[in-house]
Amino acid sequence: MKSHARVVVIGGGVIGCSILYYLAKNGWTDVVLIERMDLTAGTTWHAAGNVSLVDGNPAVNQFNVLAHKLYREMENETGEHLGWTRTGSILIAKTNDLLERYASRTESARAAGIDYHMIGPDEIKKLHPLMELDGILGAAYIPDEGVLDPSMTTHAFARAARAKGAEIYRHTKVTGLTEQLNGEWKVGTDKGDITTEHVVIAAGFWSPVIARMAGAHVPIVPTERQYLVTDEVPELMELDRKVPMLRDFAVPFYVRQERNGLLVGVHEPHTPYCFLEGIPDDFGQELFPVDLERGAHSLESAIARVPALSRVGIKTEVCGPTSRTPDLQGLIGPIPGLRNVHISAGFANGISQGAALGHVAAEWLIEGSPSIDVSKLYASRFGSYANKRFIRAMLSEAHVFGTVDLSGERLAGRPARTSALYDRFKAKGAHFSAQLGWETPMWFSRGNARSNGVEEARAEALDVRESVGILDLTALAKYEVSGPAASTFLDRLCARRLPAVGSIVSTPMLNERGQVMCFTTIARIEPDRFYLTAAPQAELHHYSWMNEQLPRDGSVQLENVTGRYGALLLSGPRAREVLAKVSEANLSNEVFPWLTVSDIDIAYGRARALRFNMVGELGWELHHPLEYQTGIYEALAAAGEEFQIVDFGFKAYDTLRLEAGWPLWGADFNSSQTATSAGLSRFVDPSKEGFIGRRAILDTAQPVLSRLVHISFDLDGSPPEMGSLLFDGDDVVGHVHSSAYGPSIGSGIAFASVKDGFGRGGKTINCLVRGSRLPVNILERALHDPESLRVSS
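In the numbering used here, the protein residues as written are 40 to 832.
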C-alpha cells in the first residue's frame with residue numbers, strides 16, 4: 040500500500056470513482072481511492088439509476104446537461120459501456136398550478152440544450168399506452184432522459200482510472216484523518232497510513248463519520264428508499280419500444296420500464312430515517328426489510344395510474360440506505376474550517392450527475408475552482424446549526440426531490456440564528472427569511488396580513504430615500520485579520536490596493552484564473568489589523584477560501600466573528616442628524632468622510648462605525664458586540680422619531696442597492712465568474728503587482744463569455760424572477776439575477792448576465808416575464824446617484 044499520494048478519495052461509489060477518473064484524466068495520476076468494502080457498496084449498488092436532466096434551477100440544468108455529455112464522451116474515449124438506455128420521461132400534472140410550474144421551465148430547459156416540451160393527454164397516451172389518463176391535464180416530456188446501470192458505470196470509471204495510473208484499495212477501512220504541521224493529511228487505515236496533500240470525502244451516508252474524524256460537521260443524514268421490480272408485463276412485450284419513465288411528484292411515485300417488467304419507486308409520506316443510533320461498524324452491502332405498507336399510498340396511486348401493475352407479481356423488492364441534505368441537493372467543494380479537504384456527497388441524483396460531479400471536483404482541486412456555476416451545491420451553504428434535528432425538520436417539510444418547489448421560503452428548521460432584536464422586530468410585524476441560518480427581517484407589515492412584501496418594501500425604500508431608516512445587518516459576514524504579516528497576506532489576496540488606516544475599500548479576491556473567490560469590504564483598523572465584511576450567504580465560503588491561503592507560520596490570524604458582532608445600518612439623508620443625537624463623535628463630512636471607519640460611542644455602547652453602505656444614501660454601518668445591540672438600537676430609534684425613522688428589511692435593501700448599482704455576491708455573481716464577467720472591473724487595479732489572478736486580468740486574449748449588466752424595464756408589477764431569460768430575437772442571450780421595482784427611479788431594475796456582445800449600455804433586448812416578452816434597457820450607469828453625491832454628502 041502506498042504511503043503517500045497527491046489525492047486520497049474516500050468512497051468507492053459512482054461519485055468517488057468518477058472523481059478518481061477525472062483526476063487521472065487531467066494529469067493527476069498520483070491518486071488513490073479507499074473503499075471499506077467493494078466498489079458500489081453503500082448506496083450505488085442498489086440505486087435505481089434514473090437519469091434526470093431538468094430542474095427548476097437553470098444552473099442545475101446546465102450541470103445535468105454536462106453530466107449527460109460527459110457520460111457520452113467517457114464511453115467514446117474509453118470504450119467502456121455504462122448500460123445507458125434512453126427512455127424519455129413524462130412529468131404528469133393534475134393541477135393547473137403544477138402544469139404552469141412545468142410549463143415555466145420550458146425556455147430555461149431549452150436554453151440549456153434540453154429537449155423539453157409540454158404535451159396533452161392524447162400525446163401522453165401515445166407515448167405511454169399503459170397509462171390511465173384520469174385527472175391528467177398535461178405533462179412535461181423530456182425525450183433524452185433515461186437510465187444508467189449504476190454498477191457498470193462505477194466499474195467503468197474505476198477501470199478507466201486504473202488505466203491512467205490511479206490506484207484503488209478495496210476492503211480498506213479509514214480509521215483516522217489528521218492534519219499535519221506542514222498542511223498535509225494523514226489518512227489512517229486498517230492497512231496502514233497514507234500521507235496526502237488533498238482529501239476528497241465521497242462516502243455517501245458514511246461521509247459525516249469521515250468528516251468527524253477531522254473535527255468537521257457535514258449536514259447529511261442517512262435515510263431509506265424503496266422500489267420494487269415486477270415480473271414481465273405482457274403489454275410491454277407487445278410493444279416495439281420502451282415506454283418513457285412516468286413521474287408523478289404530487290403523490291409521489293415513479294414508474295419506468297426495467298427489461299420487460301416495471302420498476303416502481305415507492306415513496307413514504309414521512310422521511311424513513313435509518314441508523315438513528317449510528318451506522319454499525321460492520322455494515323456493508325446489506326439491505327433493510329421492505330415495508331411497502333408505509334408507502335401504500337404511493338404504490339396504490341402507481342397501480343391506479345398504470346393498471347398493468349395490478350396484474351403481475353413482484354420479482355424484486357429493494358429497501359436500502361441513501362443520504363439526504365436539508366434541501367435535497369448534495370454537497371460539493373471545500374469543507375469549511377478544513378484546509379485541502381473537499382466533499383462530494385449527499386446527492387439525490389448521484390448516478391445521474393456522477394460524471395459532472397467527478398469533473399467538477401477534479402477541476403476544483405487542479406485549477407482552484409470549477410469553471411461552471413455550482414453555487415447551489417457549495418458545502419459552505421450550511422453552518423453548524425444544520426445538525427440532525429435541523430435536517431429532520433427540513434425534511435419533514437419536503438423529503439422527496441420534486442414534491443415541493445424549494446426555491447421559495449422554507450419554514451422548517453427555524454429560528455436557528457437570531458440577533459438580539461429578533462423578538463422586537465417580530466412584535467413590530469417583521470417577516471423574516473433565513474440567510475445561512477440567520478433570521479433576517481425582509482419587510483415590516485403595514486396592516487396587510489396576506490402581503491408578499493412588495494408594496495411594503497417599496498414604501499420602506501422611499502422612506503429611507505426621503506428621511507432615514509434602520510436595518511438589522513447582523514447576518515452580514517464579518518472577519519478579523521490580524522498579525523505581523525496581515526497586510527502582506529491581504530495584499531496578495533486583494534485585487535485592489537489596501538486602504539490606509541481608518542479607511543475602507545471594497546475589493547474582490549481572485550484565484551489564478553481570475554475568478555471571484557470573495558468580494559469583501561475591508562476596513563483597516565491598525566497597520567496590521569483589518570475588519571472585513573461580506574454578504575451573509577458568503578460567510579463560510581469566504582472564510583474557507585481565505586483560510587486555505589493562510590501562511591503556515593502563524594504570522595496571520597483569521598477569525599470568523601460573524602456571531603460575535605451585531606450590525607445596524609443607519610441610512611438616509613437625516614442619518615447624520617439621528618446619529619449625532621446619541622453620539623458625541625464628530626460626524627462631519629470633513630472629519631468622518633465617505634469610506635472611513637472609526638470606533639465611536641453610541642448611547643451607552645461602543646460601535647465600529649463604517650461610513651459605507653450599498654443603498655446609495657448617507658449612512659453608517661454600526662458594528663458592535665451583541666450585548667450592546669438592543670441599547671444602541673433603542674437609542675437610534677428614539678433619536679429618529681422626529682424624522683419619522685423607519686425599520687426597513689432586506690427587500691427594501693435589495694431595492695435600494697439595485698437602484699444604486701451594487702451587485703451582491705451569491706445573488707448576482709459568484710466564484711464561477713471572473714472579475715470582468717462579474718462586472719467588477721471598477722474594483723480591480725491591474726497596475727497593482729503581486730495579487731493572485733493579476734495575470735488572468737491582464738490576459739486580454741482570455742475570452743469573456745458573459746458580462747454582468749445593470750438593466751431597467753417599464754414594469755411596476757412583480758419584477759422578473761431570478762433566472763428569467765433574456766432574448767435578442769429568438770436567441771437566448773442571458774438571464775436575470777436579482778430584480779425589483781425601483782420606486783425612486785420609477786422603473787423596474789435588475790442585474791443580469793448577458794453574452795459578451797450584448798453588454799453595451801444603451802442596447803435594448805427582451806425579457807421573458809410570465810409568458811410575455813418585456814423590453815429591457817442595458818444601462819451605462821446607475822440610475823440613482825450615479826456620481827455618488829448623496830452617499831458622500
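No residue lacks a Cβ here, since even glycine has one placed at the ideal position from N, Cα and C.
> For residue 468 versus residue 417, is the C-beta spacing smaller than 9 angstroms?
Replying inline: No, they are not a contact pair.
> If you pair each beta-carbon of the stretch 571-589 with each one of the stretch 499-519, do three or more pairs fall below 8 angstroms?
Replying inline: They touch, by the three-pair rule.
> Where residue 734 and residue 643 are concerned, what is the direct C-alpha to C-alpha distance, given to the nearest angstrom?
Replying inline: Roughly 49 angstroms separates the two Cα atoms.
> Excluding the five sequence neighbours on either side, which residues of its own chain have a C-beta within less than 7 angstroms of the C-beta of residue 451, listed in chain order?
Replying inline: Sequence-distant Cβ neighbours of residue 451 in its own chain, meaning closer than 7 angstroms and more than five residues away, are 432, 433, 435, 436.
>> Pop quiz: residue 205 and residue 302 are said to be a contact at Cβ under 8 angstroms. What is the actual Cβ separation, rounded to whole angstroms?
In response: Rounded, the Cβ-Cβ distance is 33 angstroms, inconsistent with contact.
>> Just to check my reading of the structure: residue 289 and residue 133 have Cβ atoms closer than 8 angstroms, yes? What is that Cβ distance to the nearest angstrom?
In response: About 6 angstroms; that satisfies the 8 angstroms criterion.
>> Can you tell me whether residue 260 is helix, strand or coil according to DSSP?
In response: Strand, per DSSP.
> residue 358 CB to nearest chain C CB: under 9 angstroms?
Replying inline: Checking the listed chains, one finds no chain C in this structure; it contains a single protein chain.
> Between the stretch 526-546 and the stretch 617-627, do at least 3 Cβ pairs fall closer than 8 angstroms?
Replying inline: Using a Cβ-Cβ distance cut-off of 8 angstroms, the stretch 526-546 and the stretch 617-627 are not in contact, since fewer than three pairs of beta carbons, one from each stretch, lie closer than that value.
>> According to DSSP, is residue 507 part of a helix, a strand, or is it coil?
In response: Assignment of residue 507 by DSSP, reduced to helix, strand and coil, places it in the coil class.
> Which residue spans inside the stretch 668-716 form an unbroken alpha helix (DSSP H) run of at least 4?
Replying inline: Taking 4 residues as the shortest admissible run, the stretch 668-716 contains the following complete alpha helix (DSSP H) segments, listed from N- to C-terminal end: 668-678, 689-699.
>> Taking the beta carbon of residue 745 as the centre, do at least 16 other beta carbons fall within 10 Å, making it buried, or is it exposed?
In response: Classification of residue 745: buried, given that the 10 Å Cβ count is 16 or more.
> Which value, in whole angstroms, describes the spacing of the CA atoms of residue 711 and residue 555?
Replying inline: Straight-line Cα distance between these residues: approximately 7 angstroms.
> What does a CB cutoff of less than 6 angstroms around residue 638 pick up in its chain, not counting 5 residues either side in sequence?
Replying inline: The residues are 647.
>> Quick check: what's the CA-CA separation for residue 460 versus residue 767?
In response: Cα-Cα distance, rounded: 47 angstroms.
> In angstroms, rounded to a whole number, what distance separates the CA positions of residue 234 and residue 794?
Replying inline: About 45 angstroms.
>> In chain order, what are the residue ranges of uninterrupted beta strand (DSSP E) at least 3 long that sit wholly in the stretch 104-167?
In response: DSSP runs (the beta strand (DSSP E)) wholly in the stretch 104-167: 128-132, 156-158.
> Between 297, 45, 230, 74, which lies nearest to residue 126 when the distance is taken from Cα to Cα?
Replying inline: It is 297 whose Cα lies nearest to the Cα of residue 126.
> From this set, 328, 363, 479, 260, which residue's C-alpha is nearest residue 317's C-alpha?
Replying inline: The shortest C-alpha separation from residue 317 is found at 260.
> Is residue 101 helix, strand or coil by DSSP?
Replying inline: DSSP places residue 101 in helix when its eight states are reduced to three.
>> For the pair the stretch 74-88 and the stretch 274-283, tell me if three or more CB-CB distances fall below 8 angstroms.
In response: No: fewer than three Cβ pairs fall under 8 angstroms.
>> Strictly by DSSP, which residues pair up with residue 659?
In response: As a beta-bridge residue in DSSP terms, residue 659 pairs with 609.
> If you scan the stretch 429-482 from start to end, which runs of the alpha helix (DSSP H) of 4 or more residues do you find wholly inside it?
Replying inline: Qualifying alpha helix (DSSP H) stretches, in chain order: 461-466.
> How should residue 276 be labelled, buried or exposed, when 16 other C-beta atoms within 10 angstroms of its C-beta is the threshold for buried?
Replying inline: It is exposed - the Cβ of residue 276 has fewer than 16 other Cβ atoms within 10 Å.
> Where does the unbroken beta strand (DSSP E) through residue 45 begin, and where does it stop?
Replying inline: Note, residue 45: beta strand (DSSP E), 43-49.
> Is the stretch 227-245 close to the stretch 41-51, with three or more CB pairs under 8 angstroms?
Replying inline: Yes, they touch.
> What is the residue span of the alpha helix (DSSP H) that residue 392 lies within?
Replying inline: Annotation: the continuous alpha helix (DSSP H) that includes residue 392 extends over 389-406.
> When you compare only the Cα positions, how much space is there between residue 487 and residue 610?
Replying inline: Rounded to whole angstroms, residue 487 to residue 610 spans 26 angstroms at the Cα level.
> DSSP beta-bridge partners for residue 517?
Replying inline: Answer is 572, bridged to residue 517.
>> Am I right that residue 761 and residue 777 are in contact with their C-beta atoms under 8 angstroms? What's the rounded C-beta distance?
In response: Confirmed, Cβ separation roughly 7 angstroms.
> What residue does the beta strand (DSSP E) around residue 779 start on, and which one ends it?
Replying inline: Looking at the DSSP string, the run of the beta strand (DSSP E) that includes residue 779 is 770-781.
> Which term fits residue 161, buried or exposed, when burial requires 16 or more other beta carbons within 10 angstroms of its beta carbon?
Replying inline: Exposed is the call here.
>> Using only CA atoms, which one of 713, 811, 740, 702 lies nearest to residue 789?
In response: Minimum Cα distance to residue 789 is reached at 702.
> Okay, do the stretch 85-95 and the stretch 144-160 touch, 3+ Cβ pairs below 8 angstroms being the bar?
Replying inline: Verdict: yes, contact present.
> Per DSSP, what kind of secondary structure is residue 284 in: helix, strand or coil?
Replying inline: Here residue 284 sits in strand by DSSP.
> Among 381, 601, 76, which has the Cα closest to the Cα of residue 325?
Replying inline: Answer by Cα proximity: 76.
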